[in-house]
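Here the structure is laid out as structure tokens; the discussion comes afterwards.
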Amino acid sequence: MKKLEHALTYSARVIIGLIAGLMIAVTSSAETLMVYTAVEAEDLKRYAAAFNEDHPDIKIRWVRDSTGIVTAKLLAEKNNPRADVIWGLAATSLMLLQSEGMLQAYAPKGLNKLDSKFRDSANPPSWTGMDAWIAAVCVNTVEAGKNNLPTPTSWMDLTDPVYKGHLVMPNPNSSGTGFLDVSSWLQIYGELGGWQYMDNLHENIAWYTHSGSKPCKQAARGETPIGISFAFRGAKSKAAGAPLDIILPKEGVGWDMEATAIVKGTKKLSAAQTLVDWSITKKANKLYNQGYAVVAYPGIAKPVKHFPEGILEAMINNDFEFAAVNRKKILAEWQKRYDAKSEAK
Amino acid sequence: MSGTLSLPANVVPVRVRLSRDDVILRIGLICLIILLAIAVVFPLYTLLSKSLEDIDGKYIGLQNFREYFETPALFSSITNSLTVAISVALIVLVIAFVYGYALTRTRMPLRWLFRGIALIPILAPSLLAAISLIYWFGNQGVLRSWLGEASIYGPIGIIIGSCFWVFPHALMIIVTALSTADARLYEAAEALRTPKWRIFFTVTLPGAKYGILSAGFIVFTLVITDFGVPKVIGGRYNVLATDVYKQVVGQQNFEMGAVVSLILLLPAVLAFIADRWVQRRQIALLSPHAVPFQPKSHPLRDGILFVFCLVVSIIFISMLAMAVYASFVTFWPYNLSLSLKNYNFDVMDGGGWEAYFNSIRMAIYCAVFGSGLIFFGSYLVEKARGVTWLRTILHLGAMLPLAVPGLVLGIAYIFFFNHPENPLGFLYGTMGILVICTIVHFYTVSHLTCLTALKQLDPEFEAVSLSLKSPVWRTFGKVTLPVCLPAFLDVVSYLFLNAMTTVSAVVFLYSPETMLASVAVLNMDDAGDIAPAAAMALMIVYTSTVFRVLHALLVRFISRRTQVWRTR
Numbered sequence: 128m129k130k131l132e133h134a135l136t137y138s139a140r141v142i143i144g145l146i147a148g149l150m151i152a153v154t155s156s157a158e159t160l161m162v163y164t165a166v167e168a169e170d171l172k173r174y175a176a177a178f179n180e181d182h183p184d185i186k187i188r189w190v191r192d193s194t195g196i197v198t199a200k201l202l203a204e205k206n207n208p209r210a211d212v213i214w215g216l217a218a219t220s221l222m223l224l225q226s227e228g229m230l231q232a233y234a235p236k237g238l239n240k241l242d243s244k245f246r247d248s249a250n251p252p253s254w255t256g257m258d259a260w261i262a263a264v265c266v267n268t269v270e271a272g273k274n275n276l277p278t279p280t281s282w283m284d285l286t287d288p289v290y291k292g293h294l295v296m297p298n299p300n301s302s303g304t305g306f307l308d309v310s311s312w313l314q315i316y317g318e319l320g321g322w323q324y325m326d327n328l329h330e331n332i333a334w335y336t337h338s339g340s341k342p343c344k345q346a347a348r349g350e351t352p353i354g355i356s357f358a359f360r361g362a363k364s365k366a367a368g369a370p371l372d373i374i375l376p377k378e379g380v381g382w383d384m385e386a387t388a389i390v391k392g393t394k395k396l397s398a399a400q401t402l403v404d405w406s407i408t409k410k411a412n413k414l415y416n417q418g419y420a421v422v423a424y425p426g427i428a429k430p431v432k433h434f435p436e437g438i439l440e441a442m443i444n445n446d447f448e449f450a451a452v453n454r455k456k457i458l459a460e461w462q463k464r465y466d467a468k469s470e471a472k
Numbered sequence: 008m009s010g011t012l013s014l015p016a017n018v019v020p021v022r023v024r025l026s027r028d029d030v031i032l033r034i035g036l037i038c039l040i041i042l043l044a045i046a047v048v049f050p051l052y053t054l055l056s057k058s059l060e061d062i063d064g065k066y067i068g069l070q071n072f073r074e075y076f077e078t079p080a081l082f083s084s085i086t087n088s089l090t091v092a093i094s095v096a097l098i099v100l101v102i103a104f105v106y107g108y109a110l111t112r113t114r115m116p117l118r119w120l121f122r123g124i125a126l127i128p129i130l131a132p133s134l135l136a137a138i139s140l141i142y143w144f145g146n147q148g149v150l151r152s153w154l155g156e157a158s159i160y161g162p163i164g165i166i167i168g169s170c171f172w173v174f175p176h177a178l179m180i181i182v183t184a185l186s187t188a189d190a191r192l193y194e195a196a197e198a199l200r201t202p203k204w205r206i207f208f209t210v211t212l213p214g215a216k217y218g219i220l221s222a223g224f225i226v227f228t229l230v231i232t233d234f235g236v237p238k239v240i241g242g243r244y245n246v247l248a249t250d251v252y253k254q255v256v257g258q259q260n261f262e263m264g265a266v267v268s269l270i271l272l273l274p275a276v277l278a279f280i281a282d283r284w285v286q287r288r289q290i291a292l293l294s295p296h297a298v299p300f301q302p303k304s305h306p307l308r309d310g311i312l313f314v315f316c317l318v319v320s321i322i323f324i325s326m327l328a329m330a331v332y333a334s335f336v337t338f339w340p341y342n343l344s345l346s347l348k349n350y351n352f353d354v355m356d357g358g359g360w361e362a363y364f365n366s367i368r369m370a371i372y373c374a375v376f377g378s379g380l381i382f383f384g385s386y387l388v389e390k391a392r393g394v395t396w397l398r399t400i401l402h403l404g405a406m407l408p409l410a411v412p413g414l415v416l417g418i419a420y421i422f423f424f425n426h427p428e429n430p431l432g433f434l435y436g437t438m439g440i441l442v443i444c445t446i447v448h449f450y451t452v453s454h455l456t457c458l459t460a461l462k463q464l465d466p467e468f469e470a471v472s473l474s475l476k477s478p479v480w481r482t483f484g485k486v487t488l489p490v491c492l493p494a495f496l497d498v499v500s501y502l503f504l505n506a507m508t509t510v511s512a513v514v515f516l517y518s519p520e521t522m523l524a525s526v527a528v529l530n531m532d533d534a535g536d537i538a539p540a541a542a543m544a545l546m547i548v549y550t551s552t553v554f555r556v557l558h559a560l561l562v563r564f565i566s567r568r569t570q571v572w573r574t575r
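For the protein sequence lines, the chains are A and B, in the order given. Count along the first sequence from 1, add 127, and you get the number used in our numbering. Count along the second sequence from 1, add 7, and you get the number used in our numbering.
What follows is the structure, encoded as structure tokens:
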């Protein structure tokens, strides 16, 4: 009988071992918040560390991807949400999630100190803003010189055939930056004129990237002379030593807010509220200001190194309502027209 | 009992009663069959049914397929995929055949070194080649001018990059096929004064034709289902594999992802069936009276082939070397000073150093649990007495994963394990699902390796231990395992290396806690951080190399202790 036992153990050992291995791999922690974000990866550590100075008991688990991906992921998980908090996603995306009933309204402590533009107008608000992130064109001066490209000063300039094959821009379906560009052109030139403009621009685009920062990073490396991206990314690459000019086209530039919200149905509501409270403090806004020239907390913004001048004046009077309501329709139309040139993903 | 009726002819039925050992082995068989059903068959079934549903899970028949085939971009993706896969298959077959011929049929010097160099790509994720190509031929590439007006972003880049990473797979099959020549055929041909070129076309090529065909099928399947290379260097050239990725990851449109992956399953299954058919013929070619062929020295031929191998090897090394160099350059191409900046993974997209350590953990789990499970499975298929039908089912189950591309497996796993009613749903998003998926993905080759080793073992061992009333596990531990140890260690190493480098299946299954290094490479490139992507890919290469060296040392040590009986 003992032998039989031994034999059974032996034959089943591998199977038991496998299952045990899987169990070891499954870990969980009660103190951890799952936070979805589209904030630049290099800033996430800094944000989490600053938050943990004040709240060492709450750990942050980041899920980072481009705006469009994070939005699609949240929508796909609608019936079984995995995120607790969204910290740093485009306000237009949050408005969409709000209309799907996926956000938990909450008035964080100190809400009244924020610039009233930087919050959901409902009371209590479903989301609160952090900072504005602003479109810009990154021009690599070395490569532009080699290819005899004049420095563009307006969006219209970019449709000049001289730039054919030298332009890269993000795919609005996956990138928030791409979407704010498209929505700003539709606002600047009107619906008809906007699509006409993009048709012309499309002729010059070498490829559409998946991420909003990639066009500027590629311009920084000289892979392409000109990348349509956002100002903050350009300033960072310039600081890293790239020969970049950051251009604000004279028609005005699109922008969006990065904002914070609590996901409805989170099992860690009080920890989530603590995080959102902290996300609108003066300290947090100073943190945002290290990269973003315009932040939600009035009166603290200091100029950002390498940031182009006159950015406040260049920002268009953005109609968020228009952008959020028409988001799905705009993206479908864009995909139909231009997707064949898009980079995978 | 009934089991004795179906015993193989070479085993003498000693007992009529079903023994305790038989019971144990049969329980093992059933357990493994259930495991494979859960890990392979059910997910594939879920994938199939998902492709017939709409977003809310309602059955809509072939509506998704109709919608897909009405998309104009589709046909360009199909023709693009076929163009790339067929071009790569042709190019790789020619080069691998000449290279393999030089390794097996000549006496040129440094054959061992050339063999080693050709295996380099196995140590790296497929993306590494594409990244390296950008540094060689991209718009800021060192050799940009060589391409003239053409761009590396597109079919050219995909084809060159794919050739690089599939080369060792084709080479190994061709080398095996060329190694089994019968010297008597060559002696006869020479006695008849047949010219050399004629011998080549009437003896050498026909002898290796099945190996070449088989290599062709494998390469075709690997390329058509790989999306790493087209993702990094494809530019706006869409292929089927990137379409799947776009649908599932980019737009979270899982139903359409299911449709495209089923379309991808088709060529893979066809290639699999053709390959099985070819393999059977190949084995029939071998006669037990064959005399091993010993190549003779032939200075002119050996010299030419030496130069050929040298050129190919230099290309291989330069691909790796460029990636190594670029990973240390501070800011390509404007600041070429060297630094470790790109290895500072924690401040970039891609999951940081944690991803790298996760990869190592996963590779160890796969190597340990996978090799044990697979060896046990092949032992049951080969050595369990009776119940032929159960053994056949297990064998077929073990062969099935070879026909399923990693990408299809990954998506099938999302559907199966993320289904709200699946009791195994707790596995979703854990390290466990990555381990299971990777073991299944590489099951077949490991299974066949173990089976070959077990077949070399005389069935008399079992018969003798049976008559001595020695229990089956004692024979297993004292005879079977030690004798098969080299093959077993090969499986361990195969699983470890593949777990380190694989992207295709796990890219759909990782979660923030279980980010992997190979996936990080993909994501970093996506964010535009190509130099850190190269650095992370190289971390995988360094680790795989160290592992490979340790493995070689261990095999040498163990062989000396357990394989003495092979030499007389």
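Beta carbons: idealized from backbone N, C-alpha and C, even for Gly. Note that the structure is a prediction, hence the values are computed from the model and not measured.
Return the CA-CA distance between residue 429 of chain B and residue 318 of chain B, expressed in angstroms with no decimal places. 54 angstroms
Cβ-Cβ separation, residue 420 of chain B to residue 516 of chain B (assumed contact under 8 angstroms), whole Å: 6 angstroms between Cβ atoms; contact.
Is it the case that the Cβ atoms of residue 560 of chain B and residue 269 of chain B are separated by a distance below 8 angstroms? For the pair residue 560 of chain B and residue 269 of chain B, the CB atoms are not nearer than the 8 angstroms cut-off.
Within the same chain, show all residues whose beta-carbon is closer than 8 angstroms to that of residue 508 of chain B, passing over the 5 residues directly before and after it, in chain order. 129, 130, 131, 132, 133, 525, 547, 551
Nearest CA to the CA of residue 343 of chain A: which residue from A:324, A:299, A:380, A:267? A:267
Quick one: list the residues of chain A neighbouring residue 353 of chain B, beta-carbon separation under 8 angstroms, in chain order. 172
Am I right that residue 440 of chain B and residue 424 of chain B are in contact with their C-beta atoms under 8 angstroms? What's the rounded C-beta distance? 6 angstroms
Member of A:425, A:392, A:176 whose CA lies at the smallest distance from the CA of residue 407 of chain A: For the residues A:425, A:392, A:176, the minimum Cα distance to residue 407 of chain A belongs to A:425.
Could you tell me whether the segment 462–472 of chain B touches the segment 528–535 of chain B, where touching means 3 or more Cβ pairs closer than 8 angstroms? no
Examine chain B for any beta-carbon lying closer than 8 angstroms to the beta-carbon of residue 304 of chain A, and answer yes or no. no
The beta strand (DSSP E) spanning residue 383 of chain A covers which residue range? Its beta strand (DSSP E) spans residues 382–390.
Check residue 335 of chain A in the structure and name its three-state DSSP category. strand
Measure the alpha-carbon distance for residue 381 of chain A versus residue 262 of chain B and round it to whole angstroms. Taking the straight line from one Cα to the other gives about 34 angstroms.
Residue 554 of chain B lies in the alpha helix (DSSP H); which residues open and close that run? 537–569
Chain B partners of residue 351 of chain A, CB-CB under 9 angstroms? 146
What are the complete alpha helix (DSSP H) segments, minimum 4 residues, inside the segment 116–181 of chain B? 118–125, 134–144
Alpha-carbon to alpha-carbon, residue 327 of chain A and residue 272 of chain B: 39 angstroms
Under 8 angstroms, do residue 219 of chain B and residue 280 of chain B count as touching if we go by C-beta distance? Contact: no.
Give me the Cα-Cα distance between residue 181 of chain A and residue 427 of chain A, rounded to the nearest whole angstrom. 20 angstroms
Given residue 152 of chain A, which residues of its chain have a CB within under 8 angstroms of its CB, disregarding the five upstream and five downstream residues? Residue placement at residue 152 of chain A is poorly supported in this model, since its pLDDT is 46, which falls under 50; the coordinates are not used for a value here.
If you follow the alpha helix (DSSP H) that residue 365 of chain B is in, where does it begin and where does it stop? 359–372
Between residue 344 of chain B and the ligand GDP, is there a pair consisting of the residue's CB and a ligand heavy atom that are separated by less than 7 angstroms? Ligands are entirely absent from the displayed structure, and the ligand GDP is therefore not among its contents.
Note the first and the last residue of the continuous beta strand (DSSP E) segment covering residue 188 of chain A. 186–191
Between the CA atoms of residue 434 of chain B and residue 154 of chain A - distance to the nearest angstrom: Because the pLDDT at residue 154 of chain A is just 41, under 50, the model does not fix this residue reliably, and the value given afterwards should be weighed accordingly. Here the alpha carbon of residue 154 of chain A sits roughly 11 angstroms from the alpha carbon of residue 434 of chain B.
With 16 other Cβ atoms within 10 Å as the buried cut-off, status of residue 398 of chain B: buried
Taking the alpha helix (DSSP H) that residue 207 of chain A falls in, what are its first and last residues? No alpha helix (DSSP H) holds residue 207 of chain A; DSSP gives it neither H nor E.
Residues sharing a beta bridge with residue 214 of chain A, DSSP: A:387
Under a three-way DSSP split, which group does residue 268 of chain B fall into? helix
Per-residue contacts from residue 301 of chain A into chain B (C-beta, under 7 angstroms): Correct list: 257.
Could you give the DSSP three-state label for residue 384 of chain B: helix, strand or coil? helix
Nonlocal neighbours in the same chain, by C-beta distance under 6 angstroms from residue 237 of chain B, ignoring five residues either side: Correct list, in chain order: 165, 246, 249.
Chain-order list of residues whose beta-carbon lies under 8 angstroms from that of residue 72 of chain B (same chain, five-residue window excluded): Correct list, in chain order: 58, 266.
Taking 8 angstroms as the cut-off, decide whether the C-beta atoms of residue 398 of chain A and residue 389 of chain A are in contact. no
Neighbour list for residue 191 of chain A in chain B, Cβ cutoff strictly below 8 angstroms: Against chain B, a Cβ distance below 8 angstroms from residue 191 of chain A picks out 356.
Going by beta-carbon coordinates alone, are residue 201 of chain A and residue 163 of chain A separated by less than 8 angstroms? yes
Starting from residue 105 of chain B, follow its DSSP beta bridges and name the residues at the other end. Answer is none; residue 105 of chain B lacks a bridge partner.
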